[in-house]
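Structure first, then comments.
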Amino acid sequence: MDSYLKANYDYWQSGYTAGNVESWVFRAFGRILKPEFGLSGEKHEKLLDFGCGSGAALSFFDRNGFDVYGVDISKIDMSRCKERMPHIADHFTIVDPTPRVDDVFFDGDFDLVTAIQSLYYYSSGDLETRLISLKKQMKRGAIIYATMMGSKSWYYDNSAERENGLREVNIDTPRLKIKNYFVNFTHSEDDLLSKFSMFKRLHVGYYDARYIETEGSDFHWIFIGRA
Ligand SMILES: C[S@@+](CC[C@H](N)C(=O)[O-])C[C@H]1O[C@@H](n2cnc3c(N)ncnc32)[C@H](O)[C@@H]1O
């Protein structure tokens with residue numbers, strides 16, 4: 009495994025605490041996925057959440073009728089998903105941090121793939137490999153919803169350039185200690201579209217927030233595309 013993947017893998021073994029579905033997920037569902045693409049959950053549409061963490065988004069889509077599946081590298085988060093959704097405990101699995109184009113999760117054939125704050129932990133080469141693998145597992149015309157950390161984020165201000173599109177982030181505040189952590193930031197809308205060029209662009213958006221003066225922007229791009 010590449011050393012940057014091992015570093016990110018080690019970081020995420022402590023898990024990601026997300027109590028509830030985030031507004032940029034339920035609003036995207038209510039404003040776009042459901043009205044524009046008919047992805048309502050009524051047809052029990054098959055959904056993969058790549059890098060699903062502790063399953064906050066999946067739990068929301070499960071309650072809305074989707075046939076949900078989640079993959080992640082974090083063992084503790086996969087346990088949390090199983091506890092959170094015991095009726096579908098076999099719909100969650102730990103995956104290898106290294107992407108392969110022929111990876112298949114839960115027999116593929118997905119109507120919707122979500123990747124919420126998870127794909128930027130790949131170098132540029134590995135991101136392309138992962139996106140190829142996800143596209144191959146989507147039904148023709150299926151939708152991808154992905155969010156990518158932007159270089160307007162305060163993480164970027166605390167990072168240094170490394171190779172293959174990656175930057176190493178170092179943050180040391182009373183709340184947050186991050187080191188040996190690698191991110192592939194997205195610099196502009198053109199950069200976002202270039203990263204996702206294998207999909208037909210449907211929508212580009214963003215979300216942002218700042219909570220305290222000692223920290224900066226949480227800026228993330230949103231990409232919605234069709235396979
Ligand atoms: C910021 S958290 C977001 C979790 C979840 N999507 C959410 O929004 O609540 C990033 C997630 O990406 C996962 N991740 C990081 N690198 C990964 C990789 N190479 N393969 C799969 N998942 C990965 C982490 O384990 C973590 O759960």
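Under our numbering, the first residue of the sequence shown is numbered 9, with each subsequent residue one higher.
For each residue, glycine too, the CB sits at the ideal point set by N, CA and C.
Item to check | Euclidean distance between Cα positions of Ala235 and Leu41 | outcome: Stepping through the sequence shown from its first residue, residue 235 is reached at position 227. Stepping through the sequence shown from its first residue, residue 41 is reached at position 33. Each residue's alpha carbon lies about 15 Å from the other.
Checklist entry - Which partner residues of Glu169 appear in the DSSP bridge assignment? => result What you label residue 169 is simply residue 161 of the sequence shown in a count that begins at 1. In the DSSP output, where bridge partners are listed per residue, Glu169 has Arg175.
Checklist entry - Is it true that the CB of Ser132 sits closer than 7 Å to the CB of Phe227? => result By 1-based counting over the sequence shown, the position of residue 227 is 219. By 1-based counting over the sequence shown, the position of residue 132 is 124. Not in contact: Phe227 and Ser132 (Cβ atoms no closer than 7 Å).
Checklist entry - Quick one, which of Asp110, Asp104 and Asp117 has its alpha-carbon nearest Val76's? => result Position 68 of the sequence shown, counted from the first residue, corresponds to residue 76. Checked all of Asp110, Asp104 and Asp117; the closest Cα to Val76 is Asp117.
Item to check | First and last residue of the uninterrupted beta strand (DSSP E) at Tyr153 | outcome: Your numbering for residue 153 matches position 145 in the sequence shown. It spans Met146 to Met157 - the beta strand (DSSP E) in which Tyr153 sits, taken as one unbroken run.
Checklist entry - Any heavy atom of ligand 1 within a distance shorter than 6 Å of the CB on Gln125? => result Walking along the sequence shown from the start, residue 125 turns up at place 117. Yes; taking the cut-off as 6 Å, the Cβ of Gln125 has a heavy atom of ligand 1 nearer than that.
Item to check | Span of the alpha helix (DSSP H), counted from its first residue to its last, around Asn236 | outcome: No statement about residue 236 is possible, as the shown extent of the chain runs from 9 to 235 and does not include it.
Checklist entry - Between the beta-carbon of Ile232 and the beta-carbon of Leu210, is there less than 7 Å? => result Residue mapping note: residue 232 aligns to position 224 of the sequence shown, counting from 1. Residue mapping note: residue 210 aligns to position 202 of the sequence shown, counting from 1. Yes, these two residues count as a Cβ contact at 7 Å.
Checklist entry - Going along the chain, which unbroken runs of the beta strand (DSSP E) with 3 or more residues stay wholly within the stretch 46 to 73? => result 54 to 58
Item to check | One or two residues paired with Ala123 in a DSSP bridge | outcome: Locating residue 123 in the sequence shown gives position 115, where the first residue counts as 1. According to DSSP, which records beta bridges pairwise, Ala123 is partnered with Ala154.
Next on the checklist: I'd like to check one pair, Ile84 with Gly23: are the Cβ atoms closer than 7 Å?
Outcome noted: Translated into the one-based positions of the sequence shown, residue 23 becomes position 15. Translated into the one-based positions of the sequence shown, residue 84 becomes position 76. Yes.
Checklist entry - Where do the N-terminal and C-terminal ends of the alpha helix (DSSP H) with Arg209 fall, by residue? => result In the sequence shown, the residue the question calls residue 209 occupies position 201. Unbroken run through Arg209 is the beta strand (DSSP E), Lys208 to Tyr215; no alpha helix (DSSP H).
Next on the checklist: Can you tell me which residues form a DSSP beta bridge with Lys90?
Outcome noted: Position 82 of the sequence shown holds residue 90. Lys90 pairs with nothing; no bridge assigned.
Checklist entry - Quick one: is Glu50 buried, meaning 16 or more other Cβ sit within 10 Å of its Cβ, or exposed? => result Along the sequence shown, one-based indexing puts residue 50 at 42. Exposed, by the Cβ-count rule.
Checklist entry - Met86 and Thr101 look like a contact to me (Cβ under 8 Å); what is the Cβ gap, rounded to whole Å? => result The sequence position of residue 86 within the sequence shown is 78, counting from 1. The sequence position of residue 101 within the sequence shown is 93, counting from 1. So it is a contact: roughly 7 Å between Cβ atoms.
Item to check | Within 7 Å, strictly: CB atoms of Lys143 and Met206 | outcome: Sequence index remark: in the sequence shown, residue 143 carries index 135 (1-based). Sequence index remark: in the sequence shown, residue 206 carries index 198 (1-based). Yes; because the gap between Cβ atoms is below 7 Å, this pair is in contact.
Next on the checklist: My output table needs one value for His195: the three-state DSSP class, helix, strand or coil.
Outcome noted: Translated into the one-based positions of the sequence shown, residue 195 becomes position 187. Residue state, collapsed to three classes: coil.
Checklist entry - beta strand (DSSP E) containing Val79: first to last residue? => result Indexing the sequence shown from 1 puts residue 79 at position 71. That run of the beta strand (DSSP E) goes Asp75 to Asp80.
Checklist entry - Ile230 and Thr122 look like a contact to me (Cβ under 8 Å); what is the Cβ gap, rounded to whole Å? => result By one-based count along the sequence shown, residue 230 stands at place 222. By one-based count along the sequence shown, residue 122 stands at place 114. Going by Cβ atoms, the distance from Ile230 to Thr122 rounds to 11 Å, so no, they are not a contact pair.
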